[in-house]
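Colleague: Sequence order for the protein chains is B and S. Convert by adding 23 to the 1-based position in the first sequence; the result is the number in the working numbering. Convert by adding 23 to the 1-based position in the second sequence; the result is the number in the working numbering. Ideal placement from N, C-alpha and C gives every residue a C-beta, glycine not left out. From a predicted model like this one, the values you see are computed outputs, not experimental measurements.
There are 2 protein chains.
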Amino acid sequence: MSIKNYRLYIPFNLCEGAIINLDSNLLHYISIVLRLKDNQLIRVFNSKDGEFVAKFSHNKKDSYLTVTSFMQKSKISPYLHLGIAVLKNSVLPEMINQATQLGVTHITLLQTSYSQNHSLNIHRYQKIATEAIEQCGRFDLPNISGPIMLDEFLKVDLDLLIFANEKEIDSKLLKVQNWPERVGLLIGPEGGFSLEEAQKIQKLPHALSVKLSDNILRAETAATALLAQIVLLR
Amino acid sequence: MSIKNYRLYIPFNLCEGAIINLDSNLLHYISIVLRLKDNQLIRVFNSKDGEFVAKFSHNKKDSYLTVTSFMQKSKISPYLHLGIAVLKNSVLPEMINQATQLGVTHITLLQTSYSQNHSLNIHRYQKIATEAIEQCGRFDLPNISGPIMLDEFLKVDLDLLIFANEKEIDSKLLKVQNWPERVGLLIGPEGGFSLEEAQKIQKLPHALSVKLSDNILRAETAATALLAQIVLLR
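In structure tokens, the structure reads:
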């Protein structure tokens with residue numbers, strides 16, 4: 024039987040011969056959303072063990088996957104931590120999807136002076152990120168968390184924090200010559216950071232304030248744009 | 024009376040003292056969407072004359088804007104022409120918005136071997152682009168058109184056509200040393216271009232095939248990412 028053209032993230036150990044029991048969520052996703060049939064093959068992967076082919080067994084008694092053959096080792100994305108003010112729920116899922124495609128490893132949602140106060144559904148964002156890695160060929164899931172206060176985010180252990188600063192006049196990302204290991208980027212809310220916040224960020228020894236564009240970018244556009252620029256240069 | 028914190032695009036001549044009669048669409052936008060009141064001030068601009076302050080007069084008899092004072096000259100975005108396969112209507116408006124923020128001057132929607140066939144509403148996309156330039160500080164409206172066949176797009180007079188090629192192994196945008204005037208970029212549909220199409224593109228003397236990311240990007244993410252990279256390097 025043909026192999027389904029889909030990569031399925033499996034949060035369990037994978038090795039040839041392994042049997043994967045399916046909880047109701049995963050079974051629903053495989054049989055209803057992906058419409059996989061009994062005996063059909065599909066690719067499965069995780070960030071530790073790599074990518075495999077697995078066979079779906081689906082009958083009245085039980086439903087499980089049998090891992091049949093190894094395909095490729097997993098690749099781990101380099102550390103890239105996005106701190107971004109809480110966005111409206113109308114734009115946040117797509118931002119998470121695009122950031123995941125571009126290799127973000129951590130997304131932390133921030134409360135800032137001018138950020139809005141929306142309720143967050145981290146579980147939903149994790150599902151969006153899971154589908155994004157399945158579709159874009161990544162192996163590792165980004166860690167999504169928050170909201171936390173900006174001050175807490177500024178304590179994260181980073182070697183370089185790129186600050187998308189609307190008020191910056193000419194500093195560009197091209198200044199970075201040697202890219203360190205732990206890179207972060209910081210995007211403010213609509214209306215930017217307060218003067219006090221901006222000063223606090225720029226005082227950090229590892230902060231680099233950059234201008235992204237001559238135009239004022241919306242926060243979600245700024246996130247995708249800055250991630251794409253880092254991917255190019257790193 | 025206070026000045027409304029909004030920049031309104033006006034597709035007519037602007038100069039100090041000019042009276043702008045409002046058609047029903049523009050009047051609806053100003054009075055209902057922006058909730059501007061009689062006698063209130065607002066910034067108005069176009070790509071030729073620059074940005075001005077104008078006063079809104081709104082009474083039972085008639086409604087018009089009076090241009091009161093000049094603020095700044097307009098800036099024209101450098102030529103940047105995006106050719107992109109027709110996308111689903113669920114993602115096309117946001118792609119147009121992000122591309123406009125990033126300075127695209129032309130968007131041409133393309134029919135390709137694997138592109139889907141969705142009905143396009145160019146008038147709606149132009150409204151989205153108009154709101155985007157109002158909000159991001161740009162002066163000039165991108166030209167949005169299509170769909171046309173890929174072959175027709177390949178005849179557009181360009182000095183450099185950057186081809187986002189999923190099958191490219193290592194060529195990066197950093198190769199471009201001297202950015203010419205007329206820059207284009209080309210993004211394929213889900214599933215990419217056909218082999219024949221890709222060969223035809225790469226045979227063009229002004230084409231540069233580049234790899235955007237280690238991951239497979241969705242078309243709308245690729246458009247924003249590549250535009251952001253060009254903005255950084257140009």
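How far does the beta strand (DSSP E) with Asn69 (chain B) in it reach, from first residue to last?
Modeller: What you label residue 69 (chain B) is simply residue 46 of the first sequence in a count that begins at 1. From DSSP, the beta strand (DSSP E) with Asn69 (chain B) extends over 64-69.
Colleague: What is the residue span of the alpha helix (DSSP H) that Ser92 (chain S) lies within?
Modeller: In the second sequence, residue 92 (chain S) corresponds to position 69, counting from 1. From DSSP, Ser92 (chain S) is part of no alpha helix (DSSP H) but of the beta strand (DSSP E) over 86-95.
Colleague: According to DSSP, Arg257 (chain S) sits in a beta bridge with which residue or residues?
Modeller: The count along the second sequence starts at 1 and reaches residue 257 (chain S) at position 234. Paired residues: none, contrary to the question.
Colleague: Return yes when the Cβ of Tyr102 (chain S) is within less than 7 Å of the Cβ of Thr128 (chain S), no when it is not.
Modeller: Locating residue 128 (chain S) in the second sequence gives position 105, where the first residue counts as 1. Locating residue 102 (chain S) in the second sequence gives position 79, where the first residue counts as 1. Their beta carbons are under 7 Å apart, which means Thr128 (chain S) touches Tyr102 (chain S) by this criterion.
Colleague: Given a threshold of 16 other Cβ atoms within 10 Å of its Cβ, counted over all protein chains shown, does Gly40 (chain S) qualify as buried or as exposed?
Modeller: In the second sequence, residue 40 (chain S) corresponds to position 17, counting from 1. Classification of Gly40 (chain S): exposed, given that the 10 Å Cβ count is below 16.
Colleague: Cα-Cα, which of S:Leu133, S:Asp182, S:Leu235, S:Gly215 is closest to Pro228 (chain S)?
Modeller: Position 205 of the second sequence, counted from the first residue, corresponds to residue 228 (chain S). Measuring from the Cα of Pro228 (chain S), the nearest candidate turns out to be S:Asp182.
Colleague: Taking only three categories from DSSP, how would you classify Arg147 (chain S)?
Modeller: For the purposes of this step, residue 147 (chain S) is identified with residue 124 of the second sequence, where counting begins at 1. Reduced to three states, the DSSP call for Arg147 (chain S) is helix.
Colleague: Residues of chain S with a CB under 8 Å from the CB of Leu209 (chain B): which are they?
Modeller: Against the first sequence, residue 209 (chain B) aligns to sequence position 186. Result: empty, since nearest Cβ-Cβ is about 17 Å, beyond 8 Å.
Colleague: Tell me the residue span of the alpha helix (DSSP H) that contains Phe176 (chain S).
Modeller: Residue 176 (chain S) sits at position 153 when you count from the first residue of the second sequence. Run containing Phe176 (chain S): 173-176, per the alpha helix (DSSP H) assignment.
Colleague: How many Å lie between Val233 (chain S) and Leu256 (chain S) at the Cα?
Modeller: Start at 1 with the first residue of the second sequence, and residue 233 (chain S) comes out as number 210. Start at 1 with the first residue of the second sequence, and residue 256 (chain S) comes out as number 233. Those two C-alpha atoms are separated by around 14 Å.
Colleague: Does the count of Cβ pairs from the stretch 162-182 of chain S and the stretch 201-211 of chain S closer than 8 Å reach three?
Modeller: Output reads yes: the stretch 201-211 of chain S touches the stretch 162-182 of chain S.
Colleague: DSSP puts Asn44 (chain S) in a beta bridge; with which residues?
Modeller: As a position in the second sequence, residue 44 (chain S) is number 21, starting the count at 1. Paired residue(s): S:Tyr87.
Colleague: Rounded C-beta distance between Val90 (chain S) and Leu37 (chain S)? I'm assuming under 8 Å.
Modeller: Taking the second sequence and counting its residues from 1, the one referred to as residue 90 (chain S) is at position 67. Taking the second sequence and counting its residues from 1, the one referred to as residue 37 (chain S) is at position 14. Yes, Val90 (chain S) and Leu37 (chain S) are in contact; Cβ-Cβ is about 6 Å, under 8 Å.
Colleague: To the nearest angstrom, report how far apart His146 (chain S) and Asp193 (chain B) are at their CA atoms.
Modeller: Mapped onto the second sequence, residue 146 (chain S) falls at position 123. Mapped onto the first sequence, residue 193 (chain B) falls at position 170. Between His146 (chain S) and Asp193 (chain B), the C-alpha separation is close to 36 Å.
Colleague: Quick check on the DSSP output: what are the complete alpha helix (DSSP H) runs of length 4 or more inside the stretch 158-242 of chain B, in order along the chain?
Modeller: Listed in chain order, the complete alpha helix (DSSP H) runs (minimum 4 residues) inside the stretch 158-242 of chain B are 173-176, 218-226.
Colleague: By the criterion of Cβ-Cβ separation under 8 Å, what are the contact partners of Gln95 (chain S) in chain B?
Modeller: For the purposes of this step, residue 95 (chain S) is taken as the residue at position 72 of the second sequence. Result: empty, since nearest Cβ-Cβ is about 13 Å, beyond 8 Å.
Colleague: Taking the alpha carbon of Glu175 (chain S) as the reference point, which residue from S:Thr131, S:Asn82, S:Ser92, S:Gly126 has its own alpha carbon closest?
Modeller: Position 152 of the second sequence holds residue 175 (chain S). Here the closest residue by C-alpha is S:Thr131.
Colleague: Would you kindly check if the distance between the Cβ of Ala251 (chain S) and the Cβ of Ala258 (chain B) is under 7 Å?
Modeller: Nothing can be reported for residue 258 (chain B): it is not among the residues displayed for chain B, which extend from 24 to 257.
Colleague: Between the beta-carbon of Lys96 (chain B) and the beta-carbon of Gln63 (chain B), is there less than 7 Å?
Modeller: Taking the first sequence and counting its residues from 1, the one referred to as residue 96 (chain B) is at position 73. Taking the first sequence and counting its residues from 1, the one referred to as residue 63 (chain B) is at position 40. Cβ atoms of Lys96 (chain B) and Gln63 (chain B): not closer than 7 Å.
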